[in-house]
Structure formats: C-alpha cells, structure tokens
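Heads up: the sequence shown is residues 318 to 418, going by the numbering used here. Using N, Cα and C, we set each Cβ at its ideal position, and we do this for glycine too. Bear in mind that the values here come from a model prediction, so they are computed numbers and not experimental data.
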Amino acid sequence: MPREEPPPTPCSLCDRPFPRAGLTKHHGRPKAKGGTEADVELACPQCHGMVHATFTNATLAALYPTAAKLRDAPELANFLTWVRKQPPARRKRNKPRKRKV
C-alpha cells in the first residue's frame, strides 16, 4: 500500500502551503533575547529570509515577537502582498536591506 503524503503546512507569514520539511523554524523572540521553544513558528525560507534581512534581533524581540505582529509590520507589507502571489516552488533571493530596522 502506498504511503500517504502528509497535508501541506502553511507558512505562518504568507500562508502558502509547503511540505513540513520545506519550512524553517523562526524564533519570534530570538534565543539571544530570552526566547524559548514556545516562541518558535514555522516560516517558508523566502519569508524567514526577508524577516531577518529587514529587522534586527532587538527589534524582533521588542516589536514583533509573533508571526501575527510580523504580518502587520508596515516594513513587510509590500513583500507579503507580492510573495502570496508566488508559487511555493519559487525561490528568489532577498536583497539585503541598506539599513535594518
């Protein structure tokens, strides 16, 4: 009998479906700032990379400790609007920001 594939898991930021193995662990409150395993959410590599290209760990800990707050961050609004339209297989390298927030 063939093995059934598990259902896809949505990215906590863009909601695109991915196999569980295709998602990365994002520490909403960075470990260096006192975060624990309870602060971990699953994000696709595209979104995870953009979060860390945009924000410092201090900003993440102080202002955006959860995926819900990150989804509302004005600095990510244009990116999230764009990435939600992309197929999950698409992987574009995020440009480094001139200055992290």
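- request: Sort F335, T341, P319, A349 by Cα distance to V368 and report the nearest one.
  value: Reading the sequence shown from its first residue, position 51 is the one you call residue 368. Taking each of F335, T341, P319, A349 in turn and checking the Cα distance to V368, the smallest one comes out for T341.
- request: Kindly indicate which three-state DSSP category L397 falls into: helix, strand or coil?
  value: On the sequence shown, position 80 is the one that residue 397 refers to. Annotated three-state conformation of L397 is helix, per DSSP.
- prompt: Do P345 and P382 have their CB atoms nearer than 7 angstroms?
  reply: Position 28 of the sequence shown holds residue 345. Position 65 of the sequence shown holds residue 382. Inspection of the sequence shows that residue 345 is occupied by Gly rather than by Pro. Closer than 7 angstroms, so yes.
- request: Decide if L380 is buried, meaning its Cβ has at least 16 other Cβ atoms within 10 Å, or exposed.
  value: Position 63 of the sequence shown, counting from 1, holds the residue named residue 380. Label assigned to L380: exposed.
query: Leaving out the 5 sequence neighbours to the left and right, which residues in its chain are closer than 8 angstroms to V418 when beta-carbon positions are compared?
result: Locating residue 418 in the sequence shown gives position 101, where the first residue counts as 1. Residues of the same chain with a CB within less than 8 angstroms of the CB of V418, apart from the 5 flanking positions on each side, are T371, F372, T373, T376, E392 in chain order.
field: Backbone CA spacing between E321 and P336 [nearest angstrom]
entry: For the purposes of this step, residue 321 is taken as residue 4 along the sequence shown, with counting starting at 1. For the purposes of this step, residue 336 is taken as residue 19 along the sequence shown, with counting starting at 1. Across the structure, E321 and P336 are spaced so that their CA atoms are roughly 13 angstroms apart.
Separation of R388 from L330, as counted between CA atoms: Position 13 of the sequence shown holds residue 330. Position 71 of the sequence shown holds residue 388. Their Cα atoms are separated by approximately 6 angstroms.
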